[in-house]
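Residue numbers (the numbering used here): 429 to 857. Input: a single structure, listed below in structure tokens.
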Ligand SMILES: Nc1ncnc2c1ncn2[C@@H]1O[C@H](COP(=O)(O)OP(=O)(O)OP(=O)(O)O)[C@@H](O)[C@H]1O
Ligand SMILES: [Mg+2]
């Protein structure tokens, strides 16, 4: 049992825990699987899943989500999951993993579809549907959600260069003139009217803002956090689409940043209502505790430099416990992830890593209770997909584990030139 403190363990036992895998005992050919490994998912946590390419990170992260979905209703309804899907791979979880039915049987499990909702950028709904993906809902933001700094960072300017200074002034003006209801067109109009700014800079800004329309994420209504984070709901937010727009990662970061700060605000409010409810017995409607997970976390919250998401994510990392926000970061390169995200992680699941820099990054935060070299633990892992070490801050111990097979279909594997026979009834070409 990982991630649960003594008193919760006494009070709740293994209620509200996720079955992640089995303990590996022995090394090399002698390695065998023993006890089942459960991880607490009912208290706020920061979990880091790392490992080299193709070692099972996205797969294991999906397992955490499956487990939250399998919690008893009375626990599950107090949680909501937001999966930030950077690769567009998680929609496949709505299909049972028939491919691994035999393997699942050895674990006493059966293929099972995940009950999840797929959200895509409003403007691209049709494209997804045309390619055969079942879309449940769309997301969009109102331009009024963005501060001047959000625009500046997303466009790649600095608050102190000419462009940045002009944006700051223009957004202030639009706000003053139009209050909290304006569209990108209104910003462009204000840019064109801004005589104080050099014509060349005005033109370049106007271009940027019209290009922003093409990101396909803006609408007047904006986003309803209640829809995205309904009690017990698993929401997959596909932001893989932005590869074709210039600066894909800056637009993705903007989306993650806007969401993170909205969720933080909503949960702070929700906590007040929950406390009020506890004191008076009068329960008010709130959004549940939230799990936010993201692949390629070092792109959003890098060790060096700033993105449109890093401020909001750092706030969640440092202050998310109180409002009940959990994070699950996935990265190939823990060394490139912001050190605060590393040091605040209370559970690390590390698949095979080989770069000395990345191993050192892990060692540096676990040194307080590490007996041996982390490299040795990793070397001892059997060479199987899904083998990992778990570093648990709560028990201050390290466990080698084999991650359990997935109940739902994983679409993130590498393509193979030799085609498998289709399992869904239709022919694979
Ligand atoms: N626990 C597991 N049991 C069985 N197979 C697994 C397990 N974990 C991973 N695999 C297999 O390994 C493949 C690669 O896993 P995954 O897509 O999670 O890699 P990744 O670490 O996210 O790679 P990348 O860094 O390229 O995103 C999966 O498609 C799956 O076939
Ligand atoms: Mg992956």
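Every residue, glycine too, gets a C-beta built ideally from N, C-alpha and C. In this text, all values refer to a predicted model and were calculated from it rather than measured experimentally.
- prompt: In angstroms, rounded to a whole number, what distance separates the CA positions of residue 514 and residue 676?
  reply: Position 86 of the chain shown, counted from the start, is the residue given in the question as residue 514. Position 248 of the chain shown, counted from the start, is the residue given in the question as residue 676. Those two C-alpha atoms are separated by around 10 Å.
- prompt: Whose C-beta lies closer than 6 Å to the C-beta of residue 516 among residues of the same chain, with five residues either side of it excluded?
  reply: To locate residue 516, count along the chain shown from 1; it is residue 88. So the list reads 666, 668, once near-sequence residues are dropped.
- request: Put residue 664 into one of helix, strand or coil per three-state DSSP.
  value: Translated into positions along the chain shown, residue 664 becomes position 236. For residue 664, the secondary structure class from DSSP, reduced to helix, strand or coil, is strand.
task: Verify whether the separation of the beta carbon atoms of residue 752 and residue 500 is less than 7 Å.
output: The residue labelled residue 752 in the question sits at position 324 within the chain shown. The residue labelled residue 500 in the question sits at position 72 within the chain shown. Against a cut-off of 7 Å, the Cβ pair of residue 500 and residue 752 comes out as no contact.
task: Go ahead and label residue 460 buried or exposed: buried means 16 or more other beta carbons lie within 10 angstroms of its beta carbon, across all protein chains shown.
output: Your numbering for residue 460 matches position 32 in the chain shown. Residue environment: residue 460 is assigned as exposed (fewer than 16 neighbouring CB atoms within 10 Å of its CB, all protein chains considered).
message: Tell me which residues share the same chain as residue 714 and place their Cβ nearer than 7 Å to its Cβ, disregarding the 5 neighbours each side in the sequence.
response: Within the chain shown, residue 714 is the residue found at index 286, counting from 1. Counting only Cβ-Cβ distances below 7 Å, and skipping sequence neighbours, we find 698, 701, 702.
field: Straight-line Cα distance separating residue 574 from residue 625
entry: The residue you call residue 625 lines up with position 197 of the chain shown. The residue you call residue 574 lines up with position 146 of the chain shown. The straight-line gap from Cα to Cα measures roughly 21 Å.
- prompt: Can you tell which of 776, 781, 833 has its C-alpha closest to the C-alpha of residue 430?
  reply: Sequence index remark: in the chain shown, residue 430 carries index 2 (1-based). Minimum Cα distance to residue 430 is reached at 776.
task: Report yes or no: do three or more beta-carbon pairs, one from the region 758 to 772 and one from the region 471 to 488, lie closer than 8 Å?
output: The region 758 to 772, when compared against the region 471 to 488, does touch it at the 8 Å Cβ threshold.
query: Within 6 Å: the Cβ of residue 488 and any heavy atom of ligand 2?
result: Along the chain shown, read from residue 1 onward, the residue named residue 488 stands at position 60. Flag unset: Cβ of residue 488 not near ligand 2.
query: Sorted by chain position, which residues of the same chain lie with C-beta nearer than 6 Å to residue 802's C-beta, five sequence neighbours on each side aside?
result: Numbered from 1 along the chain shown, position 374 holds the residue referred to as residue 802. These residues qualify, in order along the chain: 787, 790, 791.
- request: Kindly provide the ranges of any beta strand (DSSP E) runs that are 3 or more residues long and lie completely inside the region 609 to 692, ordered along the chain.
  value: The qualifying runs are 662 to 666.
Between the CA atoms of residue 492 and residue 853 - distance to the nearest angstrom: As a first step, residue 853 is located in the chain shown; it is residue number 425 there, counting from the start. As a first step, residue 492 is located in the chain shown; it is residue number 64 there, counting from the start. Its pLDDT being 40, under 50, residue 853 is placed unreliably in this model, and the coordinates cannot settle the point.
query: Within 6 Å: the Cβ of residue 840 and any heavy atom of ligand 2?
result: On the chain shown, position 412 is the one that residue 840 refers to. For residue 840, the shortest C-beta to heavy atom distance toward ligand 2 is below 6 Å.
message: Output needed for residue 636: all residues of its chain with C-beta closer than 8 Å, excluding positions within five of it in sequence on either side, in chain order.
response: For this step, residue 636 is matched to residue 208 along the chain shown. Excluding positions up to five away in sequence, the list reads 583.
message: Rounded to whole angstroms, what is the Cα-Cα separation between residue 523 and residue 544?
response: Position 95 of the chain shown holds residue 523. Position 116 of the chain shown holds residue 544. Rounded to the nearest whole angstrom, the C-alpha separation of residue 523 and residue 544 is 10 Å.
- prompt: Which full runs of the beta strand (DSSP E) of 3+ residues lie inside the region 731 to 774, going along the chain?
  reply: Counting only runs of 3 or more, we get 753 to 759.
message: At a threshold of 6 Å, does residue 833 count as lining ligand 1 (C-beta to nearest heavy atom)?
response: For the purposes of this step, residue 833 is taken as residue 405 along the chain shown, with counting starting at 1. For ligand 1, at least one heavy atom lies less than 6 Å from the Cβ of residue 833.
- request: Compare the beta carbon distance of residue 875 and residue 818 with 7 Å and say whether it is the shorter of the two.
  value: Here the chain covers residues 429 to 857 and nothing more, so residue 875 does not appear.
- prompt: Secondary structure at residue 781, three-state DSSP: helix, strand or coil?
  reply: As a position in the chain shown, residue 781 is number 353, starting the count at 1. DSSP places residue 781 in coil when its eight states are reduced to three.
query: Okay, do the region 460 to 470 and the region 736 to 750 touch, 3+ Cβ pairs below 8 Å being the bar?
result: Segments in contact, no.
Anticipated Cβ contact below 8 Å, residue 450 with residue 691, distance rounded: Along the chain shown, read from residue 1 onward, the residue named residue 450 stands at position 22. Along the chain shown, read from residue 1 onward, the residue named residue 691 stands at position 263. Rounded, the Cβ-Cβ distance is 33 Å, inconsistent with contact.
- prompt: Is the CB-CB distance between residue 508 and residue 661 below 7 Å?
  reply: Here residue 508 refers to the residue found at position 80 when the chain shown is read from its first residue. Here residue 661 refers to the residue found at position 233 when the chain shown is read from its first residue. Yes, Cβ-Cβ distance for residue 508 and residue 661 is below 7 Å.
query: Can you name the start and end residues of the beta strand (DSSP E) that residue 508 belongs to?
result: For the purposes of this step, residue 508 is identified with residue 80 of the chain shown, where counting begins at 1. First-last of the beta strand (DSSP E) with residue 508: 507 to 513.
- prompt: Which residue's Cα is closest to the Cα of residue 664: 521, 688, 480, 433?
  reply: For the purposes of this step, residue 664 is taken as residue 236 along the chain shown, with counting starting at 1. Closest option to residue 664, Cα to Cα, is 521.
query: What separation, rounded to the nearest whole angstrom, lies between the Cα atoms of residue 448 and residue 640?
result: For the purposes of this step, residue 448 is taken as residue 20 along the chain shown, with counting starting at 1. For the purposes of this step, residue 640 is taken as residue 212 along the chain shown, with counting starting at 1. C-alpha separation (whole angstroms): 41 Å.
Separation of residue 754 from residue 804, as counted between CA atoms: To locate residue 804, count along the chain shown from 1; it is residue 376. To locate residue 754, count along the chain shown from 1; it is residue 326. The alpha-carbon atoms of residue 804 and residue 754 are separated by roughly 30 Å.
field: residue 781 beta carbon less than 7 Å from that of residue 456
entry: Mapped onto the chain shown, residue 456 falls at position 28. Mapped onto the chain shown, residue 781 falls at position 353. Between residue 456 and residue 781, the CB-CB gap reaches or exceeds 7 Å.
- prompt: Cα-Cα, which of 579, 633, 572 is closest to residue 604?
  reply: Start at 1 with the first residue of the chain shown, and residue 604 comes out as number 176. The shortest Cα separation from residue 604 among 579, 633, 572 belongs to 572.
message: Considering only heavy atoms of ligand 2, does any lie closer than 6 Å to the CB of residue 443?
response: The sequence position of residue 443 within the chain shown is 15, counting from 1. No, the Cβ of residue 443 stays beyond 6 Å of every heavy atom of ligand 2.
task: List the endpoints of the continuous beta strand (DSSP E) containing residue 531.
output: In the chain shown, the residue the question calls residue 531 occupies position 103. Run containing residue 531: none in the beta strand (DSSP E); it sits in the alpha helix (DSSP H), 529 to 534.
Under the three-state DSSP convention, the category residue 438 falls into: Along the chain shown, read from residue 1 onward, the residue named residue 438 stands at position 10. DSSP places residue 438 in helix when its eight states are reduced to three.
task: Determine contact between the region 644 to 657 and the region 523 to 538, defined as no fewer than three beta-carbon pairs at a distance below 8 Å.
output: Verdict: no, contact absent.
- request: Note down the Cα distance separating residue 565 from residue 658, rounded to an integer number of angstroms.
  value: Taking the chain shown and counting its residues from 1, one reaches residue 565 at position 137. Taking the chain shown and counting its residues from 1, one reaches residue 658 at position 230. Residue 565 and residue 658: Cα-Cα distance of roughly 13 Å.
task: Confirm the yes/no value for this check: CB of residue 485, any heavy atom of ligand 1, distance under 6 Å.
output: By 1-based counting over the chain shown, the position of residue 485 is 57. Yes, the beta carbon of residue 485 sits closer than 6 Å to at least one heavy atom of ligand 1.
query: Based on Cα-Cα distance, which residue from 784, 815, 734, 739 lies nearest to residue 586?
result: By 1-based counting over the chain shown, the position of residue 586 is 158. For residue 586, the nearest C-alpha among the options comes from 734.
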